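Trainee: I'd like to ask you about the structure that follows.
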Amino acid sequence: MKVDAAATGTAGSLRFKVDGLDCQNEVRALRTAVGPVVGGDDKLSFHTQAGVMEVLSGNPSELDAIQRAVATTGMRAHLLPEEAARQAAPTLLFRVEGLDCKNEVAALKREIGPLVGGDAWLMFDATKGLMTVAPQRKATVDDIIGHVARTGMRASLVVEGAAEAMLFRVQGLDCKNEVAALTRELTPLVGESKLAFDTAEGTMTVAPQSRAAADLIAQAVARTGMRAELWAPQAASPAPAQPAVVHEGSACGCGAEVQEVFSPPIPTHLPGQVVFRIHGMDCADEIAALKREVGPLVGEDKLAFDLLNGRMSIDVTPDSVLEARIEKAVARAGLRAEPWIEGGISEAAQIEERRKRVQSWLTTASGVLTALGFAVHAWLGGGVIAAFEAGEHAMGTTPLPSMVLYAVAVLCAARYVGPKAWLAAKRLRPDMNLLMVVAVAGAIGIGAWFEAATVSFFFALALALEAWSLGRARRAVAALMELAPPTARVKLEDGSERDVPAAEVRVGARIIIRPGDKVPLDGRVAAGESEVNQAPITGESVPVFKAQGDDVFAGTINGEGAIEVVTTKAANDTTLAQIIRMVGSAQSRRAPSEQWVEKFARVYTPVVMVLAVAIFLAPPLLFGGAWDVWFYRALVLLVIACPCALVISTPVTIVAALAGAAKQGVLVKGGTHLETPAHLKAIALDKTGTLTEGRPQVVEIVPLRGRSETELLGLAAALEARSGHPIARAILAKAAELKIAAEPAEAVQAITGRGVSGRVAGREMWLGSRRYLEERGVNSAEVLQRADALSSAGRTIVAVGDGRDVWGLVAVADAVRPEAKDIVTALHRAGIGHVVMLTGDNRATAEAIAKQTGIDEVQAELLPGDKVAAVEDLVRRYGSVAMVGDGVNDAPAMGRANLGIAMGAMGSDAAIETADVALMSDDLSKLPWLVRHSRATLAVIRQNVAFSIAVKLLFTALTVIGLASLWGAIAADVGASLLVVLNGLRLLNRGQTSSQKGGPSSGLGVSLHRHRASTITETVPA
């Protein structure tokens, strides 16, 4: 690559405001008319609520043809104003000196993100030291280079003649394996040096070159099984030409300002997935039906179901023809499918809500009519006992008024059960709906009207209970959504302020957070300071001080100061929104116990059905038993065959446990990862940033030759005043803590890799490393011995002096977290037998930390690849192992462990995406809490399964000996369902007030963000 001047790029898509686009009929018409113009209707995406059509990988030269094609449908298309401007905006690729890990990435995001429109416009390949800025018109090349310099790094634009850089979204690109595959395929086409990848964002940048056009690159990517599209923003869409919401006062010339700030979001489509909202999917029976109908189309292994949100995800490339076939297959299962829209409320969703209300009313009516029928029967038929006997064994007749009331009660209860039973019968695939209909029909056939009505009502009640329990879990997740306020107070360019929906606020807008207000969007403090309560996201009980430049997060609560914040993410892309999506989708990643219950239910139901047939036929045929008696007992067994309590208990428990963990700031990525902590035998902890603070601190000041600590630190601060190096920041922070004011040195010159020199108060002074002492010819035995003693203790030495005279030494190190020892003890108490530290530092330093913290085993001087081998060895030795790290740098080692846990994930999209479990704060005390929470979840699941099976076995035995009745069996089943659901829902609030040592509320989790004095005694090298 050649590094020189400015370059131009290419835009990724075209977005149009289409007049008249508001439902699926117009979508179909537009697909038919525009699809052939743009190369297929798979290139089209629609947002009917906003009236927006997006042409993926759109070419500006097709603009007129697209608008003419839209006109043939009777609609009109207008290129959105910002799209028109963005078509000429280039993709910019920078080589950044000093960019080699996630710390630099975070610093660049803080500095450059607000400048270019948000973090979503930035991509990083830290292994190659490259930063990509997506097409935008907010900042020039010089602006970006200038802001990079503020971070202590240096950027230069990558160009090659008149060629342009290209930025692609690559569906399926999320780890190093895909990077290797893409590199192999594209290297012959453009050259390996021309490629940059950001797996966290799923993007690939092709540096300026003239060998291959975008379509050839996309074809090469397709050969790897992935799909590449030229980049287009996903977080938010441009505002419609005429906003639907007219804000008060907007008629007085500030409409343009309002449009600059507000923008409704377009739904984000998951890469490599088709996602549907399934209306009517409330239990395992519906999932089984969907697998039977949709599985043959796409492969059952590609299906994932989220009962909590009524969502079905399919791991296939979006295809309009396939989607239409899937919708028809769902309809054959008796359900209704529509494309998933994040946060959208469609007409079908409203119809589904009405259906649920009607179902609740019919269930209530069925219960009331059954009770009335029984009362009338008792009044007309000779009392309560006579009514029971007539009902249970068809002894005697049922009065006609009671029969009418019972019949209507059956019809009310069977309104939504009957159609599903008919579908099951047609396909010869019996489910619990068919079992209930057969049992009810059989009861009516032998004249047991009371039993028929009772079974119908209780089964309808069981379905309502199932829907209620899922709704309860949904509300627990919805409570997370309510953490962020629905509106934001936006400050316009003229200084006026206005309350608007948070979903309409653009990235880069300025919002005002008043004292006591909740923060509506993620952003960075631009003015003011305050303490912010981050407990809703992290579970931390102590407010965190925020000043200019600090990040704030949606859902947190402002303290007593007013702050002005520049937004860095749209409403549907905030850290809180990601948590909500993760909790919602985690239920689709089923736990082992959930899979076991499903397999058990598959076997249990047909076995009991066969047993029911045997009970009906064997005694009369073999032993001369009465047909009516054994037919009745067979009907009871059919009712018992319904595995309601068994099937419903586990998913409700898992969802409750996931939501309860999210309340504690522990984001678990699925039921399977929720159970793993309960089985852990060993935990491997990365040292830097996990057991230690993760940033250098001044831990010792050694003045020499009669100098004072204040003089020494003041001189060091003067020389480092304009440096962005981590050690310089540590020295400046210590000077600020001790209130030492130092004027920046003049004529400062950096001595690469060794130190700096400059003029302080007219004297030539220097600052440097242990190696620099030797280079300057310092041969004082006292100085060198003191320096070597500090170095051998694992500390980084900074010497300060003038000429050959050394004023003193400053020792810098990474401090051990004060709570680390207590947490290791808590892990041992929680049943973790072996705690291991993995580090690249020297063994002496690592052993010292292990002794301080109680670590059982140390593996030191490890390269990144060695950490992977170390984790594999631990898995071989202990079986079940967790790896705790930063979620990005430690991702390969975490992937080899049975459970990967990322620390301090709040604000780190990559950590949230890559880890199995993400701890939103840097609070290590969440680790023992997670182990206990996992064990409590497994205990509840076992209790529920054991109780459900015990009830079934009890009634099976009672049925065989003639002591069970239909109404008693169904009542017991509903009671069991209610008990297991309530038992599972206890996990929603588990541990909220726990005072166990090492728990979330124990006070052991000391936040990294708190202002506290540096620890001098427990340290490790920087």
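Using the numbering used here, the first residue of the sequence shown is number 1, and each one after it goes up by one. Yeah, the Cβ is synthetic: ideal placement off N, Cα and C, and Gly gets one too. Bear in mind the structure is a predicted one, so any value in this text is a computation, not a measurement.
Just to confirm the assignment: which complete beta strand (DSSP E) runs, minimum length 3, are found wholly within the region 162–209?
Mentor: DSSP runs (the beta strand (DSSP E)) wholly in the region 162–209: 166–171, 195–198, 203–206.
Trainee: Touch check for the region 705–717 and the region 805–812: three-plus C-beta pairs under 8 Å?
Mentor: At 8 Å Cβ cutoff, the stretches touch.
Trainee: Check this for me: beta carbons of I901 and M920, under 9 Å apart or not?
Mentor: Translated into positions along the sequence shown, residue 901 becomes position 901. Translated into positions along the sequence shown, residue 920 becomes position 920. Their beta carbons are not under 9 Å apart, which means I901 does not touch M920 by this criterion.
Trainee: Identify every run of the alpha helix (DSSP H) within the region 815–889, keeping only runs that are complete inside it and at least 4 residues long; order them along the chain.
Mentor: 820–829, 843–853, 864–878, all fully within the region 815–889.
Trainee: Taking the alpha-carbon positions, what's the A813 to F600 distance?
Mentor: Residue numbering aside, residue 813 sits at position 813 when the sequence shown is read from its first letter. Residue numbering aside, residue 600 sits at position 600 when the sequence shown is read from its first letter. If I take the Cα positions, the gap works out to 56 Å.
Trainee: Please go through the region 526–572 and give each complete alpha helix (DSSP H) segment of 4 or more residues, from N-terminal end onward.
Mentor: Taking only runs of at least 4 residues, the alpha helix (DSSP H) segments lying wholly in the region 526–572 are 535–538.
Trainee: Would a check of beta-carbon distances place A614 closer than 9 Å to chain B?
Mentor: Going by chain labels, chain B is absent from the structure shown, which holds only one protein chain.
Trainee: Considering Cα atoms alone, identify which of W596, R633, Y604 is closest to A614.
Mentor: Position 614 of the sequence shown, counting from 1, holds the residue named residue 614. The residue with the shortest Cα to Cα distance from A614 is R633.
Trainee: Tell me A502's beta-bridge partners as DSSP assigns them.
Mentor: In the sequence shown, counting from the first residue as 1, residue 502 sits at position 502. DSSP, once it has assigned bridges, lists no residue as partnering A502.
Trainee: Looking only at its own chain, which residues have a Cβ that is under 8 Å from the Cβ of V800, when we skip the five neighbours before and after it?
Mentor: Locating residue 800 in the sequence shown gives position 800, counting from the first residue. Cβ neighbours of V800 beyond the five flanking positions: L712, L715, A716, L719, M765, W766, L767, V806, W807, G808, L809, V810.
Trainee: Which of helix, strand or coil does DSSP assign to Q273?
Mentor: Looking up residue 273 in the sequence shown gives position 273. Reduced to three states, the DSSP call for Q273 is coil.
Trainee: On the DSSP bridge assignment, give the partners of H47 in chain order.
Mentor: In the sequence shown, the residue the question calls residue 47 occupies position 47. Its beta-bridge partners are V52.
Trainee: Using a Cβ-based criterion (distance less than 8 Å to any ligand heavy atom), does V384 qualify as near the ligand SAM?
Mentor: Inclusion of the ligand SAM in the displayed structure is not the case, the ligand content being empty and no account of it being possible.
Trainee: Could you compute how far the alpha carbon of G999 sits from the alpha carbon of K681?
Mentor: Here the question's residue 999 lines up with position 999 in the sequence shown. Here the question's residue 681 lines up with position 681 in the sequence shown. With a pLDDT of 39 at G999, under the threshold of 50, the modelled position of this residue cannot be trusted; read the value that follows with caution. Distance between the alpha carbons of G999 and K681: 19 Å.
Trainee: When the Cα atoms are used, what is the spatial distance from G20 to E178?
Mentor: Stepping through the sequence shown from its first residue, residue 20 is reached at position 20. Stepping through the sequence shown from its first residue, residue 178 is reached at position 178. Near 41 Å, if we compare the C-alpha coordinates of E178 and G20.
Trainee: Taking the Cβ atom as the reference point for each residue, do R325 and L303 lie within a distance shorter than 9 Å?
Mentor: The residue you call residue 325 lines up with position 325 of the sequence shown. The residue you call residue 303 lines up with position 303 of the sequence shown. No, they are not a contact pair.
Trainee: Are T363 and I970 touching if we call contact CB-CB under 9 Å?
Mentor: Translated into the one-based positions of the sequence shown, residue 363 becomes position 363. Translated into the one-based positions of the sequence shown, residue 970 becomes position 970. Against a cut-off of 9 Å, the Cβ pair of I970 and T363 comes out as no contact.
Trainee: Roughly how many whole angstroms lie between the Cα atoms of Q749 and G671?
Mentor: For this step, residue 749 is matched to residue 749 along the sequence shown. For this step, residue 671 is matched to residue 671 along the sequence shown. Answer to the nearest angstrom: the Cα atoms are 56 Å apart.
Trainee: Span of the alpha helix (DSSP H) holding H673?
Mentor: One-based indexing of the sequence shown puts residue 673 at position 673. Taken as a continuous stretch (DSSP letters only), the alpha helix (DSSP H) holding H673 covers 671–675.
Trainee: In or out: T91 buried (at least 16 other Cβ within 10 Å) or exposed?
Mentor: Translated into positions along the sequence shown, residue 91 becomes position 91. Flag for T91 reads buried.
Trainee: Would you mind working out which of F305, F631, L130 sits nearest R95, comparing C-alpha positions?
Mentor: By 1-based counting over the sequence shown, the position of residue 95 is 95. Closest option to R95, Cα to Cα, is L130.
Trainee: Given a cut-off of 9 Å on the beta-carbon distance, is the pair S456 and A413 in contact?
Mentor: Numbered from 1 along the sequence shown, position 456 holds the residue referred to as residue 456. Numbered from 1 along the sequence shown, position 413 holds the residue referred to as residue 413. Against a cut-off of 9 Å, the Cβ pair of A413 and S456 comes out as a contact.
Trainee: List, from N- to C-terminal side, the alpha helix (DSSP H) runs of 4 residues or more that fit wholly inside the region 89–156.
Mentor: Taking only runs of at least 4 residues, the alpha helix (DSSP H) segments lying wholly in the region 89–156 are 102–116, 141–149.
Trainee: Taking the straight line between their C-alpha atoms, what separation do you get for F553 and K518?
Mentor: Residue mapping note: residue 553 aligns to position 553 of the sequence shown, counting from 1. Residue mapping note: residue 518 aligns to position 518 of the sequence shown, counting from 1. Approximately 10 Å between the Cα atoms of the pair.
Trainee: How would you call C252, buried or exposed, if buried means at least 16 neighbouring beta carbons within 10 angstroms?
Mentor: Within the sequence shown, the letter at position 252 stands for residue 252. Only weak support is given to the placement of C252: the predicted model assigns it a pLDDT of 35, under 50, and the question is left unresolved by the model.
Trainee: Looking at C-alpha atoms only, which residue of A375, V316, Y416, A464 is the closest neighbour of L335?
Mentor: In the sequence shown, residue 335 corresponds to position 335, counting from 1. Comparing Cα-Cα distances from L335 to each of A375, V316, Y416, A464, the minimum goes to Y416.
Trainee: Can you have a look at W967 and say buried or exposed, based on whether 16 or more other CB atoms are within 10 angstroms of its CB?
Mentor: Taking the first residue of the sequence shown as 1, we reach residue 967 at position 967. Buried, because 16 or more other Cβ atoms sit within 10 Å of the Cβ of W967.
Trainee: Kindly indicate the opening and closing residues of the alpha helix (DSSP H) around K734.
Mentor: Here residue 734 refers to the residue found at position 734 of the sequence shown. K734 -> alpha helix (DSSP H) spans 726–737.
Trainee: With DSSP collapsed to three states, give me the class of V778.
Mentor: Locating residue 778 in the sequence shown gives position 778, counting from the first residue. Looking at V778 - three-state DSSP - the assignment turns out to be coil, as it is neither helix nor strand.
Trainee: Output yes or no for whether 9 Å exceeds the beta carbon distance between E746 and R759.
Mentor: Stepping through the sequence shown from its first residue, residue 746 is reached at position 746. Stepping through the sequence shown from its first residue, residue 759 is reached at position 759. Their beta carbons are under 9 Å apart, which means E746 touches R759 by this criterion.
Trainee: Apart from the five residues on each side of it in sequence, which residues of its chain come closer than 7 Å, Cβ to Cβ, to L405?
Mentor: For the purposes of this step, residue 405 is identified with residue 405 of the sequence shown, where counting begins at 1. L369, L372, G373, V376.
Trainee: Can you list, in chain order, the residues of its chain whose CB lies under 7 Å from that of P114, leaving out five sequence neighbours each side?
Mentor: Along the sequence shown, one-based indexing puts residue 114 at 114. If we look at P114 and ignore the five residues flanking it on each side, its Cβ neighbours are G508, R524, V566, T568.
Trainee: What would DSSP say about I287, mapped onto helix, strand or coil?
Mentor: Numbered from its first residue, the sequence shown carries residue 287 at position 287. Looking at I287 - three-state DSSP - the assignment turns out to be helix.
Trainee: Using the Cα positions of L428 and A443, report the straight-line distance between them to the nearest angstrom.
Mentor: In the sequence shown, counting from the first residue as 1, residue 428 sits at position 428. In the sequence shown, counting from the first residue as 1, residue 443 sits at position 443. When rounded, the distance between both Cα atoms is 22 Å.
Trainee: Can you give the Cα-Cα distance for A228 and P36, rounded to whole angstroms?
Mentor: Residue numbering aside, residue 228 sits at position 228 when the sequence shown is read from its first letter. Residue numbering aside, residue 36 sits at position 36 when the sequence shown is read from its first letter. Cα to Cα, the separation comes out at about 20 Å.
Trainee: Comparing alpha-carbon positions, which option in A155, G118, A126 lies nearest R137?
Mentor: Position 137 of the sequence shown, counted from the first residue, corresponds to residue 137. Comparing Cα-Cα distances from R137 to each of A155, G118, A126, the minimum goes to G118.
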